[in-house]
Each structure stands twice: as structure tokens, then as C-alpha cells.
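Here the structure comes first, spelled out in C-alpha cells, and everything after it is commentary.
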Amino acid sequence: MYRQLITDRDATAGASVDLHRIFDHAYHGRSLEAKTVDGVDPLRIAADLWHRPADAVDRLVVARCQPPVLDLGCGPGRMVAALTESGRSALGVDVSSVAVGASNRRGAPTLRRDLSGPLPGEGRWGTVLLMDSNLGLGGDPDRLLRRCAALVAPGGLIICETDPEPYADETHRVLLRAGTASGRVRWARIGIEALAARARRHNLVVAERWSAGGRTCRAAHALATRR
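Structure (C-alpha cells):
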């Protein structure tokens, strides 16, 4: 998915390599820092999030998933592992070889794929997940919602984790740093109410919302029949 992060006009091939290194370092256990010029952290990702088991908030998401489930930008497979342990068929996709290796080692089926390229089962997934600030990837949530709508089956679910501020709807240029790797990317902050407005533009029916442990998620249904 990280290819979509290279959206600034001054991005270079070298910057692309650095961005892959940033997330590889983060998945190896180094802390991921994200700051705008104003000192805002739009990701708000806890340092141990990718490496710990699914928590109570994650399990609330798992309980709402209709199988089969596709987790976009799954990282080291926290959610995919929880889904398979619950008896739901699930697949994770991520562009990081470090993440894919870690996910598969924990028994969470994962492929190394880019979101912008072909993915297995397009249009047949019961649920598509965008967790852990992935909705903000590349600073273009509308593009991500369109992609999710193409991946999910008619009547299926798209579940997104959103910014804690319900009406947040803004894009930042962010400096990401993990270990010795760093790079600038565009990242969007989208709150639960802003997501509802955007989802309707893409013929998604806004459904349940829930908050727990300082995290907020919203589910939307794809139309039962496509235009």
C-alpha cells in the first residue's frame, strides 16, 4: 500500500525506497514517529500496536466481520490472526516483506501485494478492513473508499478505524521516521462523521459505529446491487 504514499511532486525514487525502509524498521520493532510541521501526529498509533495480540477493541471489530475478510495494509497480522482464531476466513495484504513474513509466521495468511494492483477475490469479500489509520494513506480517502467498494461483495461491509475527533477531515504533509529511515508523505485525518459523508458519495450505506478504548470505528454496507 505504501506506493500510494508517494504523492508529493518532489518525491523521488530514493524517497520511495526510504518509505519502504521506514515501515520495515517499524515492523522490526522500532518506534514509528509521525509529525506535521505543526507537531500534530495524524496516525496516533501506539508504539506496540502492530506487535501485540488483538485487544478488546480489535475483538469488537472481529465480531462484526462477515467472512471472508480482507485486511488492507495488515502489517504483521494482528487482525488477520484474530479473525482466523475466531473461525472466520481471512487474508491480509501488505507491501512490506517484513510485515508479510511476520504475519505468516504467526499463522495469519498474508500476501505481499499493492492495493493499487490486482487482488484476489475482487468483488467477493464479505468484509474489507482499513484499520490503524490506514484510511488516511496517501491523503486520499475517497480513492481508498472507491477501492474498497470494488473489493467488497454487494451487501458486504467496509469497516474503517477513524480519527478520534468525529468531524476531522484534513490532510497533512507528515514526516515519518523509524530508526534511521525517514520520509515525507501525505496522510489524512478522517473522523467518524466525516467518513459517513464521504461514504455516501460512493453509494455506501452507513451502518453501525462504535468506540472503545479511545478508538473509533464505523461500518458501511456496499449496495446490494451495483450500478
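Numbering of the sequence shown is given in our numbering, commencing with residue 13 and proceeding in unit increments. Every residue, glycine too, gets a C-beta built ideally from N, C-alpha and C.
Outcome for residue i when other beta-carbon atoms lying within 10 angstroms are tallied against a minimum of 16
| i | result |
| --- | --- |
| GLU134 | exposed |
| ASP175 | buried |
| ASP50 | exposed |
| ARG227 | buried |
| ALA75 | exposed |
| ALA102 | buried |
| SER109 | exposed |
| GLY99 | exposed |
| ARG185 | exposed |
Bounding residues of the alpha helix (DSSP H) (the contiguous stretch that carries residue i)
| i | result |
| --- | --- |
| GLY113 | 109-117 |
| VAL73 | 68-76 |
| ALA193 | Careful: ALA193 lies outside any alpha helix (DSSP H), inside the beta strand (DSSP E) at 193-202. |
| THR96 | 90-97 |
Element boundaries [beta strand (DSSP E), containing residue i]
| i | result |
| --- | --- |
| ALA190 | 181-190 |
| ARG64 | First-last for ARG64: undefined, no H or E at that position. |
| PRO166 | 164-174 |
| CYS229 | 227-234 |
| GLY104 | 102-106 |
| GLY138 | 137-142 |
| SER223 | 216-224 |
| VAL49 | It is not in any beta strand (DSSP E) - VAL49 carries neither H nor E in the DSSP assignment. |
For residue j and residue i, believed in contact at Cβ under 8 Å, the rounded distance
| i | j | result |
| --- | --- | --- |
| LEU147 | CYS172 | 5 Å |
| GLY168 | ALA234 | 5 Å |
| GLU220 | ALA231 | 5 Å |
| VAL140 | ALA120 | Contact flag wrong, Cβ pair sits at about 16 Å. |
| VAL69 | ALA180 | The Cβ separation is near 19 Å, so there is no contact. |
| LEU156 | LEU149 | 6 Å |
| LEU127 | LEU84 | 6 Å |
| GLY209 | HIS37 | Sequence check: residue 209 is Ala here, not Gly. No, ALA209 and HIS37 are not in contact; Cβ-Cβ is about 36 Å, not under 8 Å. |
Straight-line gap, residue i to residue j (C-alpha atoms, nearest Å)
| i | j | result |
| --- | --- | --- |
| PRO166 | PRO80 | 13 Å |
| LEU123 | SER43 | 24 Å |
| ASP154 | GLY191 | 31 Å |
| TRP199 | ARG136 | 28 Å |
| GLY195 | ARG33 | 10 Å |
| ARG213 | ALA162 | 14 Å |
| CYS160 | LEU216 | 10 Å |
| VAL164 | ILE170 | 7 Å |
| ALA111 | GLY89 | 7 Å |
| SER117 | TYR39 | The sequence shown places Arg at residue 117, rather than the Ser named in the question. Spanning the two alpha carbons is a distance of roughly 13 Å. |
| ASP144 | THR96 | 19 Å |
| ARG125 | VAL105 | 6 Å |
| LEU131 | GLU182 | 29 Å |
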